[in-house]
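*Asks:*
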Amino acid sequence: MAASRFRVSFSRILVGLCLLCITLEHKRFVAVGVEEIRVEKDTKDPLTNGSVTSSTAGTSVDGRSRSELCGTDLSFLGPPYGNISASNMVCSPIWNNFVLRYNQRSDNLMTIVLSAVYTTGWVGIGFSRNGMMLGSSAMVGWFNKKEQARIRQFYLQGRHTYQVIANKGELPLNNIPPVVALHGAMIYLAFQAKFEHRLGRQPIILAFGTRYPNHLHLTRHDDKAAVWFDFSQASVTNIDISQRKNHGTLGLLGWGLFLPAGAIVARYLKHKDPLWYYLHAAIQFLGFILGLAAVLLGLQLYQSMNADIPAHRGIGIFVLVLSILQVLAFFLRPNKDSKYRRYWNWYHHWFGRMALFFGSVNIVLGIQYANARDEWKIGYGFLLAITLLVIIVLEALSCLRRRRDDKPNLPPNFQMNQI
2 MAASRFRVSF SRILVGLCLL CITLEHKRFV AVGVEEIRVE KDTKDPLTNG
52 SVTSSTAGTS VDGRSRSELC GTDLSFLGPP YGNISASNMV CSPIWNNFVL
102 RYNQRSDNLM TIVLSAVYTT GWVGIGFSRN GMMLGSSAMV GWFNKKEQAR
152 IRQFYLQGRH TYQVIANKGE LPLNNIPPVV ALHGAMIYLA FQAKFEHRLG
202 RQPIILAFGT RYPNHLHLTR HDDKAAVWFD FSQASVTNID ISQRKNHGTL
252 GLLGWGLFLP AGAIVARYLK HKDPLWYYLH AAIQFLGFIL GLAAVLLGLQ
302 LYQSMNADIP AHRGIGIFVL VLSILQVLAF FLRPNKDSKY RRYWNWYHHW
352 FGRMALFFGS VNIVLGIQYA NARDEWKIGY GFLLAITLLV IIVLEALSCL
402 RRRRDDKPNL PPNFQMNQI
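If you want the numbering used here, it's the 1-based position in the sequence shown plus 1.
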């Protein structure tokens with residue numbers, strides 16, 4: 002009786018988790034490890050028209066104070082960039098030694114000046130829809146080996162260098178030529194773009210590479226960062242790239258490793274009763290916890306990055322619901338002699354197969370949408386190949402075992418001596 006009440010209580014908890022995961026679609030999360038920098042009006046400082054009021058306020062950025070980073074006279078850039086007074090330019094240290102200055106007019110004409118410490122190679126700023134490099138448009142500036150200034154717009158069609166296309170992109174540049182200049186140890190990229198609407202919270206990508214571009218073929222970046230920048234309030238929110246990796250790792254371990262392993266145990270170790278049952282339940286529950294964590298972190302990333310990936314998000318929630326139903330099946334399992342046991346077996350087997358199939362599909366979609374490196378593709382491909390190989394070997398051994406067990410045991414033939 003107590004066991005029955007425990008099953009009912011635990012089932013209610015799992016149903017609540019299922020409903021929670023569905024309603025989380027409309028909740029807002031605060032990203033873990035996110036630091037926000039807000040630039041507010043400061044009429045006392047004639048240099049920058051802004052002051053940093055976050056936890057980094059009053060400190061230096063890469064060894065230099067805000068005044069040193071934002072206090073440079075930009076007249077060396079020439080008109081129109083050097084003609085805009087410092088009091089009309091919002092200035093914000095944005096990442097490492099990168100500093101972003103901008104002026105947004107009422108007609109939506111945006112003047113942007115990006116500066117960073119420069120030795121060799123290139124420096125760039127990209128505008129993205131979802132914080133990812135794929136599909137973004139970037140302004141990149143550099144000085145070649147002959148010390149000739151170069152600045153171009155690039156369209157990031159893919160993650161490979163040959164898919165970064167020069168003189169193409171979606172930034173609405175106006176007729177004023179962009180400018181790149183060296184001033185002291187800093188490189189300055191200046192350009193103007195007229196947007197259809199006034200820019201608000203916008204994901205931008207910052208990157209640099211120490212190798213020179215070769216005939217407008219951009220070399221691979223040495224480092225990059227994705228941030229949300231609110232041009233209406235001049236605030237910066239760093240996008241924690243490690244959260245995406247954690248989301249992918251949890252999903253791959255849960256739906257790519259443990260849940261398939263638990264299904265393999267249930268199918269091919271039935272002759273080890275009751276060991277197979279306890280192994281199956283323990284492994285599946287661990288896989289369910291990892292999958293649940295992956296979905297929750299994915300929903301958090303969806304809210305913090307505003308990533309519009311409906312297929313990946315929808316399949317993830319669908320697989321989680323199937324997984325919750327599978328865990329419920331453990332507590333609602335009828336006895337072997339029950340007339341409902343056959344229907345329970347159908348439900349448990351087919352819901353489990355659907356969860357594994359769509360879980361694998363969603364892992365592939367996630368790797369593709371995240372524009373993941375080759376290590377992720379090779380790693381999951383290797384894991385999938387090992388899983389299929391184990392299934393083939395165990396299926397062959399299972400067939401041999403069934404043939405041996407089905408072979409009739411005929412009584413020995415005795416010959417009677419003739420009298």
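Note that the Cβ used here is the ideal one computed from N, Cα and C, for glycine as well.
Closest to L401 by CA distance: which of H349, R342, G292 and Y269 is it?
*Replies:* Looking up residue 401 in the sequence shown gives position 400. Nearest of H349, R342, G292 and Y269 to L401, Cα basis: Y269.
*Asks:* Give the straight-line distance between the Cα atoms of A295 and G252, rounded to the nearest whole angstrom.
*Replies:* For the purposes of this step, residue 295 is identified with residue 294 of the sequence shown, where counting begins at 1. For the purposes of this step, residue 252 is identified with residue 251 of the sequence shown, where counting begins at 1. The straight-line gap from Cα to Cα measures roughly 5 angstroms.
*Asks:* Does DSSP classify D224 as helix, strand or coil?
*Replies:* Taking the sequence shown and counting its residues from 1, one reaches residue 224 at position 223. D224 falls in the strand class under three-state DSSP.
*Asks:* Would you kindly work out how many angstroms separate the C-alpha atoms of H313 and G263, rounded to a whole number?
*Replies:* Here the question's residue 313 lines up with position 312 in the sequence shown. Here the question's residue 263 lines up with position 262 in the sequence shown. Near 24 angstroms, if we compare the C-alpha coordinates of G263 and H313.
*Asks:* Is the CB-CB distance between G257 and S138 below 9 angstroms?
*Replies:* Mapped onto the sequence shown, residue 257 falls at position 256. Mapped onto the sequence shown, residue 138 falls at position 137. Contact annotation: G257 and S138 have beta-carbon atoms that are not nearer than 9 angstroms.
*Asks:* CB-CB under 7 angstroms to L384, same chain, minus the five flanking residues each way: which ones, in chain order?
*Replies:* As a first step, residue 384 must be located in the sequence shown, where it is residue number 383. Closer than 7 angstroms at Cβ, skipping near neighbours: G257 and L258.
*Asks:* Kindly indicate which residue of F209, G210, R221 and L110 has the alpha-carbon position closest to the one of L172.
*Replies:* The count along the sequence shown starts at 1 and reaches residue 172 at position 171. The residue with the shortest Cα to Cα distance from L172 is L110.
*Asks:* Within the continuous beta strand (DSSP E) that includes I318, where are the two ends?
*Replies:* The residue labelled residue 318 in the question sits at position 317 within the sequence shown. Segment P311 to F332 is the alpha helix (DSSP H) holding I318; no beta strand (DSSP E) there.
*Asks:* On a Cα-Cα basis, can you pick out the residue from G249, A227, V141 and I316 that is closest to Y213?
*Replies:* Here residue 213 is taken as the residue at index 212 of the sequence shown, counted from 1. Taking only the C-alpha atoms, the option nearest Y213 is V141.
*Asks:* Would you check if the distance between the CB atom of F209 and the CB atom of G125 is smaller than 9 angstroms?
*Replies:* As a working note, residue 209 is residue 208 in the sequence shown. As a working note, residue 125 is residue 124 in the sequence shown. Yes; because the gap between Cβ atoms is below 9 angstroms, this pair is in contact.
*Asks:* Pairs of beta-carbons, one from the region 324-339 and one from the region 349-361, closer than 8 angstroms: are there three or more?
*Replies:* yes
*Asks:* Are A194 and F77 close, meaning C-beta to C-beta below 9 angstroms?
*Replies:* The residue labelled residue 194 in the question sits at position 193 within the sequence shown. The residue labelled residue 77 in the question sits at position 76 within the sequence shown. Not a contact, by the Cβ cut-off of 9 angstroms.
*Asks:* Going by the beta-carbon positions, is the gap between V114 and N98 smaller than 9 angstroms?
*Replies:* Within the sequence shown, numbered from 1, the residue matching residue 114 stands at position 113. Within the sequence shown, numbered from 1, the residue matching residue 98 stands at position 97. Cβ atoms of V114 and N98: not closer than 9 angstroms.
*Asks:* P261 and L357 look like a contact to me (Cβ under 8 angstroms); what is the Cβ gap, rounded to whole Å?
*Replies:* Within the sequence shown, residue 261 is the residue found at index 260, counting from 1. Within the sequence shown, residue 357 is the residue found at index 356, counting from 1. At roughly 6 angstroms, the Cβ-Cβ gap stays under 8 angstroms, so P261 and L357 are in contact.
*Asks:* Looking at I310: is its Cβ nearer than 9 angstroms to the Cβ of L366?
*Replies:* Locating residue 310 in the sequence shown gives position 309, counting from the first residue. Locating residue 366 in the sequence shown gives position 365, counting from the first residue. Yes, Cβ-Cβ distance for I310 and L366 is below 9 angstroms.
*Asks:* For W345 and I290, what's the separation of their Cα atoms in angstroms?
*Replies:* The residue given as residue 345 occupies position 344 in the sequence shown. The residue given as residue 290 occupies position 289 in the sequence shown. Per the coordinates, the alpha-carbon of W345 lies some 23 angstroms from the alpha-carbon of I290.
*Asks:* Please go through the region 170-197 and give each complete beta strand (DSSP E) segment of 3 or more residues, from N-terminal end onward.
*Replies:* 180-184 and 187-195
*Asks:* Run through DSSP, which three-state label would D74 get?
*Replies:* What you label residue 74 is simply residue 73 of the sequence shown in a count that begins at 1. The answer is coil: DSSP assigns D74 none of H, G, I, E or B.
*Asks:* Please go through the same chain and pick out, in chain order, the residues whose beta-carbon is closer than 7 angstroms to the beta-carbon of L293, but skip the five residues on each side of it.
*Replies:* As a first step, residue 293 is located in the sequence shown; it is residue number 292 there, counting from the start. Excluding sequence neighbours, L293 sits near L321.
*Asks:* Give me, in chain order, the residues of the same chain whose beta-carbon lies closer than 8 angstroms to that of L280; leave out the 5 immediate sequence neighbours on both sides.
*Replies:* Taking the sequence shown and counting its residues from 1, the one referred to as residue 280 is at position 279. Counting only Cβ-Cβ distances below 8 angstroms, and skipping sequence neighbours, we find G263, V266 and L270.
*Asks:* In chain order, what residues of the same chain have a beta carbon less than 8 angstroms from the beta carbon of I368, not counting five sequence neighbours either side?
*Replies:* To locate residue 368, count along the sequence shown from 1; it is residue 367. Correct list, in chain order: G249, W377, K378 and Y381.
*Asks:* Under 8 angstroms: do the region 163-171 and the region 81-99 share three or more Cβ pairs, one atom per stretch?
*Replies:* no
*Asks:* Do you know offhand how far S61's Cα is from P94's?
*Replies:* The sequence position of residue 61 within the sequence shown is 60, counting from 1. The sequence position of residue 94 within the sequence shown is 93, counting from 1. Unreliable positioning characterises S61 in this predicted model, as indicated by a pLDDT of 42, which lies under 50. The coordinate reading is nonetheless provided below. So the two alpha carbons sit approximately 10 angstroms from each other.
*Asks:* Of the residues L157, G255, R245 and K340, which one's Cα is nearest the Cα of G288?
*Replies:* Taking the first residue of the sequence shown as 1, we reach residue 288 at position 287. Ranking L157, G255, R245 and K340 by Cα distance to G288 puts G255 first.
*Asks:* Could you check which residue in A371, N363, N176 and R202 has the C-alpha nearest to that of R160?
*Replies:* The residue labelled residue 160 in the question sits at position 159 within the sequence shown. Nearest option by C-alpha distance: A371.
*Asks:* Considering only their Cβ atoms, is the gap separating V180 from H218 smaller than 9 angstroms?
*Replies:* In the sequence shown, counting from the first residue as 1, residue 218 sits at position 217. In the sequence shown, counting from the first residue as 1, residue 180 sits at position 179. The answer is no: Cβ separation not under 9 angstroms.
*Asks:* Three-state secondary structure (DSSP) at H216?
*Replies:* What you label residue 216 is simply residue 215 of the sequence shown in a count that begins at 1. Correct three-state label for H216: coil.
*Asks:* Roughly how many angstroms lie between the CA atoms of I318 and Q154, to the nearest whole one?
*Replies:* Looking up residue 318 in the sequence shown gives position 317. Looking up residue 154 in the sequence shown gives position 153. Distance between the alpha carbons of I318 and Q154 is about 38 angstroms.
*Asks:* How about L157 and G201: do their beta carbons lie closer than 9 angstroms?
*Replies:* Within the sequence shown, numbered from 1, the residue matching residue 157 stands at position 156. Within the sequence shown, numbered from 1, the residue matching residue 201 stands at position 200. Not closer than 9 angstroms, so no.
*Asks:* Can you give the Cα-Cα distance for R343 and Y303, rounded to whole angstroms?
*Replies:* In the sequence shown, counting from the first residue as 1, residue 343 sits at position 342. In the sequence shown, counting from the first residue as 1, residue 303 sits at position 302. Roughly 40 angstroms between the two C-alpha positions.
*Asks:* Three-state secondary structure (DSSP) at F286?
*Replies:* Position 285 of the sequence shown, counting from 1, holds the residue named residue 286. Looking at F286 - three-state DSSP - the assignment turns out to be helix.
*Asks:* CA-CA distance, G122 and T388?
*Replies:* One-based indexing of the sequence shown puts residue 122 at position 121. One-based indexing of the sequence shown puts residue 388 at position 387. Cα to Cα, G122 sits roughly 44 angstroms from T388.
*Asks:* Whose C-beta lies closer than 8 angstroms to the C-beta of N104 among residues of the same chain, with five residues either side of it excluded?
*Replies:* Position 103 of the sequence shown, counting from 1, holds the residue named residue 104. If we look at N104 and ignore the five residues flanking it on each side, its Cβ neighbours are I85, N89, M90, V91, M111 and T112.
*Asks:* Using only the alpha-carbon positions, how far apart do M134 and D223 sit?
*Replies:* Residue mapping note: residue 134 aligns to position 133 of the sequence shown, counting from 1. Residue mapping note: residue 223 aligns to position 222 of the sequence shown, counting from 1. So the alpha carbons of these two residues sit roughly 14 angstroms apart.
*Asks:* For L298, which residues of its own chain have a beta-carbon under 7 angstroms away from its beta-carbon, when the five flanking residues on both sides are left out?
*Replies:* Counting from 1 along the sequence shown, the entry for residue 298 is found at position 297. Closer than 7 angstroms at the Cβ level, and outside the excluded window around L298, lie Q244, N247, H248 and L251.
*Asks:* In terms of residue numbering, what span does the alpha helix (DSSP H) encompassing Q369 cover?
*Replies:* One-based indexing of the sequence shown puts residue 369 at position 368. Its alpha helix (DSSP H) spans residues R342 to Y370.
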